[in-house]
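Here's the structure we're looking at; comments come further down.
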Amino acid sequence: MSPFVGEIVGAMLLSLFGDAIVANVLLNKSKGQNSGWIVITTGWGLAVAMAVYAVGRISGAHINPAVTIGLASIGKFPWADVPLYIVGQFIGAFIGATLVWLAYLPHWAETESQGLKLAVFSTGPAIRNYGANLLTEIIGTFALVFGVLYIIGNELVAGLAPLLIGFLVWVIGLALGGPTGYAINPARDLGPRIAHFVLPIAGKGDSDWAYSWVPVVGPIIGGVVGALLFVLLFGA
Numbered sequence: 001m002s003p004f005v006g007e008i009v010g011a012m013l014l015s016l017f018g019d020a021i022v023a024n025v026l027l028n029k030s031k032g033q034n035s036g037w038i039v040i041t042t043g044w045g046l047a048v049a050m051a052v053y054a055v056g057r058i059s060g061a062h063i064n065p066a067v068t069i070g071l072a073s074i075g076k077f078p079w080a081d082v083p084l085y086i087v088g089q090f091i092g093a094f095i096g097a098t099l100v101w102l103a104y105l106p107h108w109a110e111t112e113s114q115g116l117k118l119a120v121f122s123t124g125p126a127i128r129n130y131g132a133n134l135l136t137e138i139i140g141t142f143a144l145v146f147g148v149l150y151i152i153g154n155e156l157v158a159g160l161a162p163l164l165i166g167f168l169v170w171v172i173g174l175a176l177g178g179p180t181g182y183a184i185n186p187a188r189d190l191g192p193r194i195a196h197f198v199l200p201i202a203g204k205g206d207s208d209w210a211y212s213w214v215p216v217v218g219p220i221i222g223g224v225v226g227a228l229l230f231v232l233l234f235g236a
């Protein structure tokens, strides 16, 4: 398996598990309906861990353009490979979201709220304030990339890094997820948002393109800041 395919598979698993967890909590007549934020944040953390375990040895399991660009900004990943990785991440996220649509096929028509259907695929703000929303995504992704770097740079965590990265995503969701739903990953948000736009989802509404730039721009800025600060503080 090539690194490109590895990123497709990793992002697909991330999107499949993560978006399906949200579907289970939000869609009508699902057995997990109304099980709450703890289930969503725990599930996303486990989704990240499983995806990293799956393809970490193949591609490094970036599965996130903010991670790829952040690593490239400090010389830990070649810029020449960045576009291919990002394309793979978006393809994988789109495929994963499509599988979620199929897995929950009868439940879309049973769910009246267009907002809940969109929330399965992509994030949205609790209070729409683009400046504040952007800042939240920057802070969340800064914490992600900074945290990933100190986890993988620690010899004490050999073999446990994917699980600990999952824990990191879990705590980011619990701590910083309230304002925006913590996209912290442009592919995880925009890939499924495109899937929402193109798939024949029963009773769907608008894909909220007016907000779609926030979970793309914010994580990229945050990822670069997190990587640069890590190098500044730790020198590696």
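Residue 1 is where the sequence shown starts when you use full-length UniProt numbering, and the numbers rise one by one after that.
Where is the CB? At the ideal position from N, CA and C, for every residue including glycine.
Closest in alpha carbon position to ASP19, among TRP101, ALA80 and THR180, is TRP101. Here VAL224 has ILE69, GLY70 and SER73 as same chain residues with Cβ atoms under 7 Å from its own Cβ, once five neighbours each way along the sequence are excluded. Between the C-alpha atoms of ILE58 and PRO78 there is a straight-line separation of about 16 Å. Burial state of ARG188 is buried, judged by a 10 Å Cβ sphere holding 16 or more other Cβ atoms. The DSSP-derived three-state label of ARG193 is helix. The segment 160-176 makes contact with the segment 32-50; the number of CB pairs closer than 8 Å reaches 3 or more. About 17 Å separates the beta carbons of GLU137 and ILE63, which is beyond the 8 Å limit, so they are not a contact pair.
DSSP, reduced to helix, strand and coil, places PHE77 outside both helices and strands of the structure shown, so it counts as coil. DSSP places LYS204 in the coil class of the three-state scheme, outside both helix and strand. For GLU112, the closest of SER15, MET1, LEU232 and ALA202 by C-alpha to C-alpha distance is ALA202. Distance from the CA atom of PRO125 to the CA atom of VAL67, rounded to whole angstroms, is 22 Å.
Boundaries of the alpha helix (DSSP H) harbouring PRO162: 161-176, taken from the DSSP string. Around the beta carbon of PHE90, a 10 Å sphere encloses 16 or more other beta carbons of the protein chains shown; the residue is thus reported as buried. Just so you know, the alpha carbons of ALA158 and LEU144 end up roughly 19 Å apart. PHE234 counts as exposed, since fewer than 16 other C-beta atoms from the protein chains shown sit within 10 angstroms of its C-beta.
In this model, GLY56 and GLY10 are separated by some 8 Å (Cα to Cα).
Of LYS204, LYS76 and ALA51, the smallest CA-CA separation from TRP108 is found for LYS204. The residue among LEU232, MET1 and PRO65 with its C-alpha nearest the C-alpha of VAL217 is PRO65.
For HIS62, there is no enclosing alpha helix (DSSP H), since its DSSP letter is neither H nor E.
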